[in-house]
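Trainee: In order, the protein sequence lines correspond to chains A and B.
According to the numbering used here, the first sequence holds residues 1 to 112 in order.
According to the numbering used here, the second sequence holds residues 1 to 112 in order.
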Amino acid sequence: GENVEQHPSTLSVQEGDSAVIKCTYSDSASNYFPWYKQELGKRPQLIIDIRSNVGEKKDQRIAVTLNKTAKHFSLHITETQPEDSAVYFCAATSPGTYKYIFGTGTRLKVLA
Amino acid sequence: DAGVTQSPTHLIKTRGQHVTLRCSPISGHKSVSWYQQVLGQGPQFIFQYYEKEERGRGNFPDRFSARQFPNYSSELNVNALLLGDSALYLCASSFQGMDEQFFGPGTRLTVL
Numbered sequence: 001g002e003n004v005e006q007h008p009s010t011l012s013v014q015e016g017d018s019a020v021i022k023c024t025y026s027d028s029a030s031n032y033f034p035w036y037k038q039e040l041g042k043r044p045q046l047i048i049d050i051r052s053n054v055g056e057k058k059d060q061r062i063a064v065t066l067n068k069t070a071k072h073f074s075l076h077i078t079e080t081q082p083e084d085s086a087v088y089f090c091a092a093t094s095p096g097t098y099k100y101i102f103g104t105g106t107r108l109k110v111l112a
Numbered sequence: 001d002a003g004v005t006q007s008p009t010h011l012i013k014t015r016g017q018h019v020t021l022r023c024s025p026i027s028g029h030k031s032v033s034w035y036q037q038v039l040g041q042g043p044q045f046i047f048q049y050y051e052k053e054e055r056g057r058g059n060f061p062d063r064f065s066a067r068q069f070p071n072y073s074s075e076l077n078v079n080a081l082l083l084g085d086s087a088l089y090l091c092a093s094s095f096q097g098m099d100e101q102f103f104g105p106g107t108r109l110t111v112l
């Protein structure tokens, strides 16, 4: 079945450094890849997404890259701030399946 | 603006009981998806409804059922509750189901 692997499970960075989280998907038909940020006790919040016809998308300090050949996509956060500390989830979805497959999450800690 | 709302916020049940969880999507959104999130894991897809029709189902037993009403709100029902059903149940709405999904705050279900 469909699967999304996410690494690392935990990531600690110094404030101002960059953070990179990687996900690999199994279904080659997947065409939409959102990233969610979930703070403790709160709902997942969509922070950025990318579709399969685009290789990279950027929104201020956040960027996502997609490599369809290798079936992996990555979240890049630059100039990290303490408020970036949260659990980040990647997800993938394929046409006709109508379901998002989520990764297992990455707990990001930004140390001041 | 009104986001996705869910009720109740918290719920405590005992094994064997049934539960009904409710979700109201963002105004204008016609699709509702349900997810189960166990502590420390990513959301697991349960159902997606669009225009009152079930359009996708995850790997959950028949004890789980759902429906969508003409106003696009939705209910998730779980029968014969097991201890393992304890989780955060998230509802997500989107315009068509294959686009950006926005999550509600969730219902935390505890089964004793």
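Ideal Cβ positions, reconstructed from N, Cα and C, are used throughout, including at glycine.
Keep in mind the model is a prediction, meaning the values are calculated, not measured.
At which residue ranges does the region 8-65 of chain A contain complete beta strand (DSSP E) runs of 3 or more residues, listed in the order of the chain?
Mentor: Complete beta strand (DSSP E) runs here, min 3: 10-14, 19-25, 32-38, 45-51, 56-59.
Trainee: Would you be able to state if there are at least three C-beta pairs under 8 Å between the region 89-101 of chain A and the region 21-41 of chain A?
Mentor: Output reads yes: the region 89-101 of chain A touches the region 21-41 of chain A.
Trainee: On a Cα-Cα basis, can you pick out the residue from A:Q38, A:Y98, A:G103, A:H76 that is closest to V13 (chain A)?
Mentor: That would be A:H76, whose Cα lies nearest to the Cα of V13 (chain A).
Trainee: Are the C-beta atoms of P128 (chain A) and some chain B residue less than 8 Å apart?
Mentor: Absent from the structure is residue 128 (chain A), since the part of chain A shown begins at 1 and ends at 112.
Trainee: What does a CB cutoff of less than 6 Å around Y100 (chain A) pick up in its chain, not counting 5 residues either side in sequence?
Mentor: For Y100 (chain A), where only same-chain residues beyond five positions count, the Cβ hits under 6 Å are A91, T93.
Trainee: Go through the region 10-81 of chain B residue by residue and report every complete run of the beta strand (DSSP E) that reaches 3 residues or more, in order.
Mentor: List check, beta strand (DSSP E) in window: 10-13, 19-24, 31-37, 44-50, 53-57, 64-68, 74-78.
Trainee: Below 8 Å on C-beta distance, what does L40 (chain A) contact in chain B?
Mentor: Here the premise fails: no neighbours, minimum Cβ distance about 11 Å.
Trainee: Relative to the C-alpha of L81 (chain B), which candidate in B:S74, B:R63, B:F69 has its C-alpha closest?
Mentor: Here the closest residue by C-alpha is B:R63.
Trainee: Return no unless some Cβ of chain B is closer than 8 Å to the Cβ of K58 (chain A).
Mentor: False, the Cβ-Cβ gap to chain B never drops below 8 Å.
Trainee: Please decide whether R61 (chain A) counts as near chain B, where near means a Cβ-Cβ distance under 8 Å.
Mentor: Not an interface residue.
Trainee: With a threshold of 16 other CB atoms inside 10 Å of the CB of L31 (chain B), please say whether the residue is buried or exposed.
Mentor: Rather than Leu, the amino acid found at residue 31 (chain B) in this sequence is Ser. Buried, since its Cβ has 16 or more Cβ neighbours within 10 Å.
Trainee: Would you be able to state if there are at least three C-beta pairs under 8 Å between the region 94-110 of chain B and the region 20-38 of chain B?
Mentor: Cβ pair count under 8 Å is three or more, so yes.
Trainee: Could you tell me the distance, in whole angstroms, from the CA atom of G56 (chain B) to the CA atom of D17 (chain A)?
Mentor: Each residue's alpha carbon lies about 40 Å from the other.
Trainee: Who does Q6 (chain B) pair with in a DSSP beta bridge?
Mentor: B:C23.
Trainee: Which residues bound the beta strand (DSSP E) around Y100 (chain A)?
Mentor: It spans 100-102 - the beta strand (DSSP E) in which Y100 (chain A) sits, taken as one unbroken run.
Trainee: So, does the CB of G28 (chain B) fall closer than 8 Å to a CB anywhere in chain A?
Mentor: Not an interface residue.
Trainee: Mind checking if L46 (chain A) is an interface residue toward chain B, Cβ cutoff 8 Å exclusive?
Mentor: With 8 Å as the cut-off, L46 (chain A) counts as an interface residue toward chain B.
Trainee: CA-CA distance, F95 (chain B) and V4 (chain B)?
Mentor: Taking the straight line joining both Cα atoms gives about 12 Å.
Trainee: Which residues of the region 33-54 of chain B have a Cβ closer than 7 Å to any Cβ of chain A? Give them in chain order.
Mentor: Residues passing the 7 Å Cβ filter: Q41, G42, P43, F45, Q48.
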